[in-house]
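One structure below.
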Amino acid sequence: MSQVPLPASFLTTPLAHRALHDVAQGRPENSRAAIRAAIARGYGIEIDLQPSRDGAAMVFHDYDMGRLTGRAGPIRLQSAAELAQTPLLGGDEGVPGLDEVLDLVAGRVPLLIELKDQHGQMGATDGGLERAVAAALAGYRGDVALMSFNPQSVIQLAELCPDLPRGIVTSAYRAEDWPLLRAEVRDRLRDIPDYAVSGSSFISHEVGDLDRPRVAEIKAAGGHVLCWTVRSAAQEAKARRIAENITFEGYLAAHPA
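Heads up: the sequence shown begins at 462 in this note's numbering, then just goes up one per residue.
Written out as structure tokens, the structure reads:
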């Protein structure tokens, strides 16, 4: 599977994690308000996607709605219309769809889109979310890249969106951080074995694990290394010794000179 180069903007523009969110300022994560704030400050934006009951790609991180809306239950049991009317805690807006976010960003800043795993053990998915993403992005004019922790999702995206850059979100996969993943799945994914077969051109790696030899190997072979999630200027300075760009939250990252 051929690689698609990552646009230079993803290496030069810090990426606001779940957009530039700050509930104290009325900007919940993955909200329109947080996206508008990121654009205003010239930051790139990282967002997460979950599917609605009717197959729409919704900009939302969790599988359960409780933490972010106060309304318990899986997001995938709600329709897109119902989600649009479900306010995010700390703001006054409902859950946005990917179509709305694409219209809002409109190519002004780079947009890094993470598809959340729908399998449960990072295996083959039914392709529903991937197809929804491909349909939403058809005709989009702007720097965009796609990624997932699930390599099978990235492989599907290579088939559906062959002209868009894609990558794998990677991790140390410690048992305490991933208690629901089987040990053999954690052990396999830790070595990033699907990088080549997925046609990835980048990884976004856990910031505390950037010194892993496999990360250096991918970088030495020409792959790009982004990282998640940086939470201070001091952590950013350390991460940038290895990572070419950061996904950040909780402070304002400096724009490179």
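Glycine included, every Cβ here is placed at the ideal spot set by N, Cα and C.
- In its chain, beyond the 5 residues on either side, M583 and Y634 have a beta carbon closer than 7 Å to the beta carbon of L650.
- Judged by their CB atoms, R514 and R537 are nearer to each other than the 9 Å cut-off.
- Per DSSP, the continuous beta strand (DSSP E) segment holding E507 begins and ends at G505 to P512.
- For E575, no alpha helix (DSSP H) encloses it; the enclosing beta strand (DSSP E) starts and ends at L572 to L576.
- Nearest C-alpha to A704 among G552, F471 and Q464: F471.
- Given a length threshold of 4 residues, each whole run of the alpha helix (DSSP H) inside the stretch 589-634 is given here in chain order: 589-598 and 612-621.
- Under the three-state reduction of DSSP output, E554 falls in the coil class, being neither helix nor strand.
- Between L642 and S609 the beta-carbon gap is near 14 Å, outside 8 Å, which marks them as no contact.
- Nearest to D624 by alpha-carbon distance, out of A599, L565 and G589, is A599.
- Sequence-distant partners of T474 (beyond 5 residues in either direction) whose C-beta falls short of 6 Å from its own C-beta, in its chain, are G505 and P571.
- Within the model, the alpha-carbon separation for Q546 versus R569 is close to 27 Å.
- For the set A477, A518 and L607, the Cα lying nearest the Cα of I707 is the one of A477.
- According to the DSSP assignment, A700 belongs to the alpha helix (DSSP H) that extends over A694 to A700.
- Straight-line spacing of the CA atoms in V520 and D587 works out to 19 Å.
- Within the same chain, H478, V668, T708, F709 and E710 come within 8 Å of T690 by CB-CB distance, once the 5 residues on both sides are set aside.
- DSSP places T708 in the strand class (E or B) of the three-state scheme.
- The Cβ-Cβ distance between A682 and A714 does not fall below 9 Å.
- Under DSSP, L687 takes part in a beta bridge, and its partners are S665 and N706.
- Per DSSP, the beta bridge partners of V520 are L510.
- With a 10 Å radius around the Cβ and a threshold of 16 neighbouring Cβ atoms, S661 comes out buried.
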